[in-house]
Amino acid sequence: DQPLIAVDTESDSLYRYHPRVCLIQISVCVNAADAHPTPADPLPTVDYLLDPLSFHRLQPLGQILADPAVEIVFHAAENDVRLLERDFHFRCANVYDTQLAARILGRDGVGLAAILQDEFGVISDKSMQRTDWGRRPLTPQQMTYAQLDTHYLPVLRQRQMAALQEADRWEEAQEGFAALAELRYEQPA
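Using this note's numbering, read the sequence shown as starting at 121 and increasing by one per residue.
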């Protein structure tokens with residue numbers, strides 16, 4: 121029943137010849153009436169980490185991603201959209217990409233770590249990017265890193281949408297987001 125979810129994936133591409141999605145992170149906004157917003161997190165979220173290596177009933181997630189009524193917020197959507205299709209045959213119907221929005225707004229640093237630090241004062245441990253996401257159990261550091269990859273995306277989207285509309289760039293952004301939803305995985309030659 122969520123109109124918006126933030127999604128990210130982690131894979132073991134540095135450790136396998138044929139990489140696979142090893143973790144799916146999801147954040148959803150909680151009911152504002154039940155939440156306690158803060159200035160840093162005005163849209164409180166609940167974060168989930170799904171382990172596709174052990175949790176095999178992922179089809180309900182695919183149905184959510186394919187629902188045009190649900191906006192899927194990514195940061196740097198291109199790779200995630202393709203990998204979700206390749207590994208699970210999921211297609212995303214309604215995409216918002218915070219990295220693309222940052223580019224359209226003319227931001228210099230469009231990496232998630234730079235944006236999180238500038239917007240929310242959060243420092244992300246990017247050394248976790250190079251970790252073996254296929255190894256179990258995940259460490260507390262891996263789980264914290266993974267959670268941060270989606271936790272702030274809903275409120276970042278809210279801020280960016282206002283800035284895009286104010287800059288009269290919203291239509292341009294929507295065209296870019298629609299193109300991302302059309303991406304498909306292509307097997308390398």
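Beta carbons: idealized from backbone N, C-alpha and C, even for Gly.
Cβ-Cβ separation, residue j to residue i (assumed contact under 8 Å), whole Å
i	j	result
N214	E191	5 Å
S147	P260	Contact flag wrong, Cβ pair sits at about 18 Å.
F210	L170	Not a contact, Cβ separation roughly 12 Å.
L203	T129	6 Å
V242	Y216	Their Cβ separation, rounded to whole angstroms, is 20 Å, which puts V242 and Y216 out of contact at 8 Å.
S131	W253	6 Å
Selected residue, minimal CA-CA separation from residue i, among the options
i	options	result
Q145	A283, G241 and Q267	Q267
Q285	L303, L225, P188 and T165	L225
V193	L220, D121, S131 and R177	L220
A298	S131, P172, N151 and E198	E198
G296	A222, R250, L163 and E306	A222
P188	P308, H176, C212 and T165	C212
T264	L276, R277 and S247	S247
P172	P308, R256 and V150	R256
I125	E306, H195 and A234	H195
A283	R227, V201, T165 and E306	R227
Per DSSP, cross-strand counterpart(s) of residue i
i	result
D207	According to DSSP, D207 bridges with nothing at all.
S174	Per DSSP, none; premise fails for S174.
D128	Q145
Alpha-carbon to alpha-carbon, residue j and residue i
i	j	result
L236	R289	22 Å
V113	A301	Residue coverage of the chain in this structure runs from 121 to 309, which leaves residue 113 outside it and unanswerable.
L143	P123	22 Å
L258	D245	15 Å
T270	V141	16 Å
D167	R136	27 Å
A293	T218	10 Å
L178	V230	30 Å
L185	R304	14 Å
P279	Q262	Looking at the sequence provided, one finds Arg at residue 279 rather than Pro. If you take the alpha carbons of R279 and Q262, they lie about 27 Å apart.
E291	M281	11 Å
C149	L276	12 Å
L163	A234	20 Å
Local conformation of residue i per DSSP, three classes
i	result
I235	helix
D167	strand
D217	strand
E191	strand
E306	coil
D269	helix
D200	helix
R279	helix
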